[in-house]
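Notes to accompany the following structure.
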Amino acid sequence: MSYDIAIIGAGVVGSLIARKMSKYDIKIALVEKCNDVAMGTSKANSAIVHAGFDAMPGSLKAELNVRGTKLMGYLCDELSVPFKNIGSLVIAFSEEEMETLQELYDRGMENNVPGMKIIGQDRLHELEPNVSKRALGALWAKTASIVCPYELTLAAAEVAVLNGVDLYRNFAVNDIAFENEIFTIKAKNGKEIEAKYVINAAGIYSDYIASLIGDNSIEIVARKGEYLLMDKSLGGVVNHVIFQCPTKMGKGVLVTPTVDGNILTGPSAKDIEGKDDITTTTDELDMVRKYTSYSIPNVKLNAVITSFAGLRAHSTKGDFIIEPSKVNPHFINVAGIESPGLSAAPAIAEYVQDIMLDVCGRLPKKVKWHRTRPEPVRFRELSTVERRELIENDPAFGQIVCRCETVTEGEIIAACHGPIPAVDMDGVKRRTRAGMGRCQSGFCGPKVAEIIARERGKDLLEVTKFGDNSNIVVGKTK
Amino acid sequence: MEVRELTCVACPMGCQMTASIDNGVVVSVTGNTCPRGKKYAETECTHPVRPLTTTVKVDGGKHPVVPVKSADAVPKEKMFDCMKVLNEVVVKAPVKIGDVIVENICDTGINIVATNIC
Amino acid sequence: MLKYDLVVVGGGPAGMAAALKAKECGVEKILICERDETLGGILEQCIHTGFGLHYFGEELSGPEYAARFIEQVEKTDIDVKVNTMVLDITTNNVVIAINKQDGLMEISATAIVLAMGCRERPRGAISIPGTRPAGVMTAGTAQRFANIDGYLPGKEVVILGSGDIGLIMARRMTLEGAKVKAVCELMPYSGGLTRNIVQCLDDFDIPLKLSHTVTEIRGKDRVEGVTISKVDGNLKPIPGTEEYIPCDTLMLSVGLLPENELSRSVGIRLDKVTGGAVVDQYRETNHEGIFACGNVLHVHDLVDFVTQEAQTAGEGAANYILGKKEYADYRIHTKGINGVRYVVPQRISMDGSEEPVKLYFRVGQVFTNATVKVTRNGNVIYAKKKRKLAPGEMENIVIKPEDLQDFSEGDYLFIEVEG
């Protein structure tokens with residue numbers, strides 16, 4: 000297949016770029032090495048929309064963070080993605096850290112961050128009664144928010160697909176040739192596509208992808224962050240995103256509600272060798288626990304329902320790299336998108352759109368562009384009246400499959416037949432939350448697997464957790 | 000004379016017992032705290048038996064398999080032979096509790112019966 | 000709005016026994032809501048034998064034990080709704096439930112018996128480091144795949160946790176052709192019955208590694224192996240004791256947790272140790288007219304005791320519905336100390352009843368040749384020698400009515416172990 004633009008990487012950045020570019024009447028491919036979208040950093044991060052006072056004034060990070068945060072609320076509303084503007088608090092435990100707050104505040108002012116305020120001990124404990132009594136004050140940033148990052152990625156990719164973008168899954172790019180102004184992009188599974196322009200949004204692998212055209216200017220270090228996710232019963236222990244004062248390695252360990260009402264703590268920060276180590280470790284998680292109790296002393300750390308690790312794509316240059324490659328101007332690098340990458344993502348899409356209009360010239364717009372996607376049913380959020388009506392229209396919504404998260408069979412069936420169908424257990428989980436609760440799919444796992452098999456016309460033996468050889472069962476007993 | 004160490008399963012105490020066997024006959028049991036231990040050791044050393052439970056394939060049932068058990072305990076050494084037989088069995092639905100699935104399995108004189116409906 | 004005298008949430012052994020007892024006591028309109036497709040609860044997948052020795056005097060498999068009660072329920076006019084999930088219970092005892100046929104139902108109930116059972120502790124709750132591949136599952140999930148769906152969950156298995164479910168699954172997997180390479184137990188003793196250790200592990204030469212835990216999971220797509228380590232007296236892994244075991248499956252049998260989300264939403268007080276409701280001798284919670292029994296109240300090791308407890312709850316609910324419940328002048332508390340982890344019921348309603356009160360309790364460690372004592376204001380009112388007490392075995396003692404005289408509001412009855 001020949002395309003005008005091929006976007007490599009269906010994370011939040013690649014997917015939002017695909018959505019943005021899908022309004023033009025051109026042919027676009029979105030290629031992803033995994034079995035689904037949002038399988039890398041986009042599914043394993045802090046899920047925070049940062050206010051924008053961290054990045055150095057004048058950096059691309061600063062500019063796009065503040066702009067992205069401004070866009071995020073509207074975007075999530077439009078795409079029906081869970082989003083809550085809850086504000087953030089950076090806590091200071093010493094006079095020295097109070098000075099750091101002032102520095103952050105000043106930097107925020109320079110970055111044009113609205114809604115910031117330094118508050119004292121009393122106001123802090125009024126806002127957050129469970130924060131350590133030793134805390135002296137905080138920087139309160141009202142524009143900080145929480146979002147569901149994989150749902151945002153999925154929604155953006157779904158809109159792109161609804162507007163004609165071709166999504167290729169399990170397309171792990173391992174060769175790119177450029178001849179007669181055309182890129183030939185080859186994947187490990189033997190498939191190939193052609194494109195006039197390439198957008199490299201490959202996250203931690205963006206340096207590798209750039210190197211395939213001979214561009215060795217990028218160096219991405221994978222920086223691992225480990226997290227603990229707590230049960231909903233802990234909900235309400237904090238109401239804002241709670242940060243500690245930043246260090247060289249990142250923004251420190253945070254404690255935050257998630258849009259689903261859980262509590263998330265983390266991340267640790269450790270540069271790793273290679274790019275595929277997403278193991279969790281006792282040492283790092285103990286560190287997360289330690290720092291968590293430092294901020295919130297009475298948090299019940301035994302309410303952990305799962306732990307996970309994500310890799311931030313840290314560029315050795317320290318800033319986002321969003322520009323045409325020096326080697327080939329038709330190859331656009333969107334690399335080094337570490338924190339505040341999620342916050343900046345809507346603005347990155349806008350920024351890349353401008354670059355594309357620059358390099359491609361004027362692009363024709365589609366006559367009809369779908370701004371959004373059909374809103375997914377979220378049974379657990381509906382009122383009694385709405386639930387009753389829904390089941391009357393489709394009895395599949397009367398069967399609860401995941402009891403912890405109140406997910407119905409109807410929602411799982413819908414996920415299997417959406418614009419980007421869920422094809423594995425984790426895909427269903429990210430779309431519906433089935434298996435994300437306190438039993439972690441102990442009860443619903445076999446049932447979800449059965450529904451996936453049925454809806455996809457396959458045997459349970461072929462159902463995987465996340466593609467490749469991640470099969471759920473290995474054979475039949477008889 | 001053969002000596003065997005074994006753990007009593009008659010009650011939660013789990014006494015560690017030593018049995019002496021002469022010519023296939025248990026001549027002494029030590030370590031037990033009650034007569035049930037002695038009896039268990041004697042059976043265990045001469046003709047150990049085990050209850051066998053598994054599933055067999057069902058044709059046209061609500062589920063692909065139905066649970067079955069040995070109506071009485073089978074000789075321990077024949078468990079895997081019995082499994083081999085049961086792995087090949089296919090029964091037709093409907094199945095009722097107590098239905099005989101295999102009669103006199105592996106010449107043990109023991110029947111395999113269904114333990115659920117299907 | 001539907002109206003019932005009694006709504007039982009959960010159609011496993013507890014729910015069925017409670018409903019049947021209430022029926023026997025004269026309650027007219029009873030409904031059982033069961034979330035699965037049949038009555039029987041988790042017994043349906045427990046196809047091994049050993050159930051019913053106390054209650055029926057015979058060794059039944061789980062489905063057979065359940066069937067005895069299902070048949071009885073079918074003979075009565077108790078209404079049963081399967082594939083029905085109770086979503087909420089309001090403070091005025093209205094049960095909100097859904098299923099495909101009836102849609103969303105609001106059911107007003109005079110009394111409610113909670114019998115939702117328990118769930119297994121997942122991997123996250125014990126935070127095993129490493130990767131997150133397919134092939135890590137609870138023993139119960141594996142049991143369902145193997146015993147109901149007919150699928151083999153893995154070919155080379157390591158099991159963490161030597162409670163009875165873990166042991167039973169070691170034998171099941173072995174019989175179905177899998178190789179169980181080890182069963183690891185964090186504690187220095189197994190939580191399972193001796194019989195199961197002998198017949199599920201020893202029979203097949205499966206090593207039981209006491210004071211061991213899994214310290215790392217490896218594998219990208221499917222589990223490729225686990226590292227196990229010995230633990231010290233504080234249950235912390237000892238560096239240098241690591242052993243890598245290649246396998247494709249890690250089965251977890253690391254504890255059961257009562258499923259009390261509904262109880263919590265209606266504001267029922269829970270016991271921090273049992274994870275279940277705080278109840279009196281009739282199994283009534285602090286919310287009038289709501290009773291609890293079975294594994295949702297506290298995790299049992301024998302279904303026979305679940306049945307007995309559910310009958311107590313069913314009778315309590317019946318007396319409440321039929322207006323036979325005596326008014327309690329005051330309540331006293333029970334409490335486990337010195338080695339006793341918990342006691343159920345946690346309180347005794349002093350209503351002038353002449354009935355003895357049976358107290359169930361569990362110890363926190365293994366004791367041999369110890370004495371169980373019940374004291375009140377420092378006076379011993381009951382003492383009994385026990386040859387062995389283990390955390391895996393629920394114990395009970397009966398307090399005679401005469402020993403319950405002359406208490407006052409808020410007094411404590413302590414159960415402890417000496418020796």
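Residue numbers (numbering that gives the first Met the number 0), protein chains in the order written: chain A, 0 to 477; chain B, 0 to 117; chain C, 0 to 418. Glycine is no exception: its CB is placed at the ideal position from the N, C-alpha and C atoms.
Among the options, the one whose alpha carbon lies nearest that of residue i
i, options, result
"Ala348 (chain A)", "A:Ile6, A:Met0, A:Tyr2, A:Ser1", "A:Ile6"
"Val130 (chain A)", "A:Val376, A:Ile219, A:Ser87, A:Ile354", "A:Ser87"
"Ala327 (chain C)", "C:Tyr281, C:Gly335, C:Tyr359", "C:Tyr281"
"Cys292 (chain C)", "C:Tyr3, C:Leu1, C:Ala17", "C:Ala17"
"Val376 (chain A)", "A:Lys367, A:Trp368, A:Glu388, A:Arg370", "A:Glu388"
"Ile277 (chain A)", "A:Pro345, A:Gln243, A:Gly397, A:Ile203", "A:Ile203"
"Ile267 (chain C)", "C:Lys20, C:Gly190, C:Asn285", "C:Asn285"
"Leu29 (chain A)", "A:Tyr196, A:Gly72, A:Tyr149", "A:Tyr196"
"Thr114 (chain B)", "B:Val88, B:Arg3, B:Gly97", "B:Gly97"
"Lys157 (chain A)", "A:Val240, A:Ile16, A:Val112, A:Ser45", "The sequence given here has Glu at residue 157 (chain A), not Lys. Measuring from the Cα of Glu157 (chain A), the nearest candidate turns out to be A:Ile16."
"Ala209 (chain A)", "A:Ser93, A:Ser232, A:Ile184", "A:Ile184"
"Pro11 (chain B)", "C:Met393, C:Lys178, C:Val397, C:Asp405", "C:Met393"
"Cys44 (chain B)", "B:Val28, B:Thr32, B:Asp80", "B:Val28"
"Val513 (chain A)", "A:Cys438, A:Ser14, A:Cys147, A:Gln398", "The question about residue 513 (chain A) has no answer here: the residues shown for chain A are numbered 0 through 477."
Own chain partners of residue i with C-beta closer than 6 Å, once the 5 adjacent residues on each side are dropped
i, result
"Asn318 (chain C)", "Lys324"
"Cys415 (chain A)", "Ala421, Glu454"
"Lys20 (chain C)", "Gln310, Gly313, Glu314"
"Asp71 (chain B)", "Ile109"
"Gly14 (chain C)", "Val7, Ile31, Ala114"
"Asp24 (chain A)", "Pro363, Lys365"
Proximal chain B residues relative to residue i, where beta-carbon distance stays under 8 Å
i, result
"Asp148 (chain C)", "His62, Pro63, Val64"
"Gln198 (chain C)", "Val8, Arg49"
Within chain C, the residues that residue i reaches when beta carbons sit closer than 9 Å
i, result
"Met16 (chain B)", "The contacting residues do not exist; Met16 (chain B) stays about 12 Å from chain C at best."
"Met82 (chain B)", "Leu174, Glu175, Gly176"
Neighbourhood of residue i by C-beta distance below 7 Å, restricted to the same chain and skipping five residues each side
i, result
"Gly224 (chain A)", "Gly265, Pro266, Ser267, Ala268, Ala308, Gly309, Arg311"
"Gln120 (chain A)", "Ala134, Leu135, Gly136"
"Tyr350 (chain A)", "Leu63, Ile321"
"Leu256 (chain C)", "Cys117, Arg118, Arg120, Gly274"
Neighbouring residues, chain C, relative to residue i (Cβ below 7 Å)
i, result
"Val472 (chain A)", "Phe144, Tyr150, Leu151, Pro152"
"Pro11 (chain B)", "Leu192, Thr193, Lys387, Ala389, Glu392"
Interface residues of chain A facing residue i [CB-CB closer than 7 Å]
i, result
"Ser126 (chain C)", "Leu284, Val303, Ser306"
CA-to-CA distance, residue j to residue i, given in whole angstroms
i, j, result
"Glu242 (chain C)", "Lys154 (chain C)", "20 Å"
"Val94 (chain B)", "Ile111 (chain B)", "13 Å"
"Gln345 (chain C)", "Cys117 (chain C)", "19 Å"
"Tyr167 (chain A)", "Glu31 (chain A)", "6 Å"
"Lys271 (chain C)", "Asn259 (chain C)", "12 Å"
"Ile451 (chain A)", "Ser1 (chain A)", "32 Å"
Beta-carbon contacts of residue i that lie in its chain and below 8 Å, excluding the five residues immediately before and after
i, result
"His313 (chain A)", "Ile219, Val220, Ala221, Arg222, Asp270, Gly335, Glu337"
"Ile331 (chain A)", "Tyr196, Val197, Ile198, Asn199, Ile321, Glu322, Pro323, Ser324, Val351, Ile354, Met355, Val358"
Amino acids of chain A, ordered along the chain, whose beta-carbon sits closer than 9 Å to that of residue i
i, result
"Leu159 (chain C)", "Going along chain A, no residue has its Cβ under 9 Å from Leu159 (chain C), so there is no contact; the nearest lies around 14 Å."
"Asn86 (chain B)", "Thr476, Lys477"
Chain-ordered chain B contacts of residue i [CB-CB under 7 Å]
i, result
"Ser60 (chain C)", "Thr52, Pro66, Lys68, Thr114"
Neighbour list for residue i in chain C, Cβ cutoff strictly below 8 Å
i, result
"Ile96 (chain B)", "Pro62, Glu63, Ala66"
"Lys77 (chain B)", "What Lys77 (chain B) touches in chain C: nothing, since even the nearest Cβ is about 13 Å away."
Within chain A, the residues that residue i reaches when beta carbons sit closer than 8 Å
i, result
"Glu119 (chain C)", "Cys438, Gly441"
"Lys55 (chain B)", "The sequence as given places Val at residue 55 (chain B); Lys does not occur at that position. Chain A residues near Val55 (chain B): Lys477."
Taking contact to mean 3 or more Cβ pairs, one atom from each stretch, closer than 8 Å, check whether the stretch 68 to 88 of chain C and the stretch 217 to 225 of chain C are in contact.
Touching, no.
Tell me whether the stretch 54 to 69 of chain A and the stretch 327 to 343 of chain A touch, counting them as touching only if at least three CB pairs, one residue from each stretch, are closer than 8 Å.
Verdict: yes, contact present.
Touch test, the stretch 355 to 375 of chain A against the stretch 213 to 230 of chain A, Cβ-Cβ under 8 Å, three pairs minimum:
Output reads no: the stretch 213 to 230 of chain A does not touch the stretch 355 to 375 of chain A.
Quick one: any contact between the stretch 38 to 53 of chain A and the stretch 177 to 191 of chain A, if contact means 3 or more CB pairs under 8 Å?
As far as the Cβ criterion goes, the stretch 38 to 53 of chain A does not touch the stretch 177 to 191 of chain A, which means the pair count is below three.
Taking 8 Å as the threshold, find out whether the stretch 1 to 8 of chain C comes into contact with the stretch 34 to 48 of chain B through three or more Cβ pairs.
Contact fails: fewer than three Cβ-Cβ distances are below 8 Å.
Measuring CB atoms only, is the stretch 327 to 347 of chain C touching the stretch 31 to 47 of chain C, in the sense that at least three cross pairs come out at less than 8 Å?
The count of Cβ pairs closer than 8 Å, one atom from the stretch 327 to 347 of chain C and one from the stretch 31 to 47 of chain C, stays below three, leaving the stretches out of contact.
Is the stretch 184 to 197 of chain C close to the stretch 155 to 163 of chain C, with three or more CB pairs under 8 Å?
The stretch 184 to 197 of chain C and the stretch 155 to 163 of chain C touch, with no fewer than 3 CB-CB distances between them shorter than 8 Å.
Would you call the stretch 455 to 468 of chain A in contact with the stretch 3 to 22 of chain B, where contact means no fewer than 3 C-beta pairs closer than 8 Å?
In short, these stretches do not touch, since the Cβ pair count stays below three.
Would the stretch 43 to 55 of chain B and the stretch 68 to 82 of chain B be scored as touching if the rule is three or more Cβ pairs under 8 Å?
Contact holds: three or more Cβ-Cβ distances are below 8 Å.
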